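Remarks on the structure that follows.
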Amino acid sequence: MIIKYQLTFEDLMSLQKDLIENTKYHKKRRKFLLIYTEILAFFYGFTSILYFLPRTIPFAIFCSIAVAVGILFAILLRPLLKKMYLPIAMRQGRYFLKKNSSWPRNVTLNLHEAGIDWNSDDGKLNRTLKLAWESIEKVNEDENHIYLYYQKSEALIIPKNIRVLSLTEQNEFKQLIRNHLNISL
């Protein structure tokens, strides 16, 4: 079965989002960033009390209030800090990927019993990849795409609704993927 479609910058950004949400590297980085920003929030709350609270109260109470406010800042800002990582990482990825002006790319996907032949052409560069079904390590999907990972951070991006395929061809495509990768689409 041969499928032709255009791979856009938005498709690549959806793969970037899938990588950020599902790889160990980004999970560790997200955790580190959360801890780091919580420490900063604690010190922000702590130092704000040092500057704004009058020092007429005993030192032990003064320090206790400063620590309590620091902890309160860290706890209250935690939900916001947890949500910060994805937009920051997506913005960084978008910045670096926008420098590559080879979008959209024409993709030809040949699915057969032995594996997948993938060809991408952007007018300047022609890339070809031949994969056996056994080399697909992981399959992820979102509402619009299927990601066939053949390495930890390398994947084929296949749109779920390929406009050039008829309904029967789309069903045949999904059945072929199901048979070889044991997933439900």
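Position one of the sequence shown corresponds to residue 4 (our numbering), numbered consecutively onward. Backbone N, C-alpha and C define an ideal beta-carbon position, used for all residues, glycine too. Remember, it's a predicted structure, so these values are computed and weren't measured experimentally.
Simplified DSSP state of residue i, which is helix, strand or coil
{"i": "I161", "result": "strand"}
{"i": "I63", "result": "Reading off the sequence, residue 63 comes out as Ala, not Ile. In the structure shown, A63 sits in a helix (DSSP, three-state: H, G or I)."}
{"i": "R130", "result": "strand"}
{"i": "E144", "result": "strand"}
{"i": "S156", "result": "coil"}
{"i": "N185", "result": "coil"}
{"i": "A71", "result": "helix"}
{"i": "L168", "result": "coil"}
{"i": "R58", "result": "coil"}
{"i": "K7", "result": "strand"}
Short Cβ contact (7 Å threshold) for residue i with residue j
{"i": "L159", "j": "L151", "result": "yes"}
{"i": "K133", "j": "D124", "result": "no"}
{"i": "D21", "j": "N143", "result": "yes"}
{"i": "A92", "j": "I139", "result": "no"}
{"i": "F12", "j": "W106", "result": "yes"}
6 Å Cβ shell around residue i - same chain, five flanking residues per side excluded
{"i": "F49", "result": "A69, G73"}
{"i": "V110", "result": "Y8, L10, S123"}
{"i": "N113", "result": "I5, D120"}
{"i": "C66", "result": "none"}
{"i": "R108", "result": "L10, S123, D125"}
Residues near residue i by beta carbon distance below 8 Å, same chain, minus five either side
{"i": "A77", "result": "E41, I42, A44, F45, G48"}
Closest by C-alpha distance to residue i, when choosing among the options
{"i": "N182", "options": "H115, L170, R130", "result": "H115"}
{"i": "K85", "options": "H29, I149, W106, I6", "result": "H29"}
{"i": "F35", "options": "F12, L79, A71, M87", "result": "M87"}
{"i": "Y153", "options": "P162, E137, E146, D145", "result": "E137"}
{"i": "I52", "options": "A71, P61, I180", "result": "A71"}
{"i": "I186", "options": "K141, R81, L89", "result": "K141"}
{"i": "P90", "options": "M16, L184, G126", "result": "M16"}
Burial state of residue i (16 or more Cβ within 10 Å)
{"i": "D14", "result": "buried"}
{"i": "L18", "result": "buried"}
{"i": "R130", "result": "exposed"}
{"i": "I64", "result": "exposed"}
Contacts around residue i, its chain only, beta-carbon distance under 7 Å, and the 5 residues preceding and following it disregarded
{"i": "A135", "result": "A117, G118"}
{"i": "L37", "result": "L84, K85"}
{"i": "N25", "result": "N143"}
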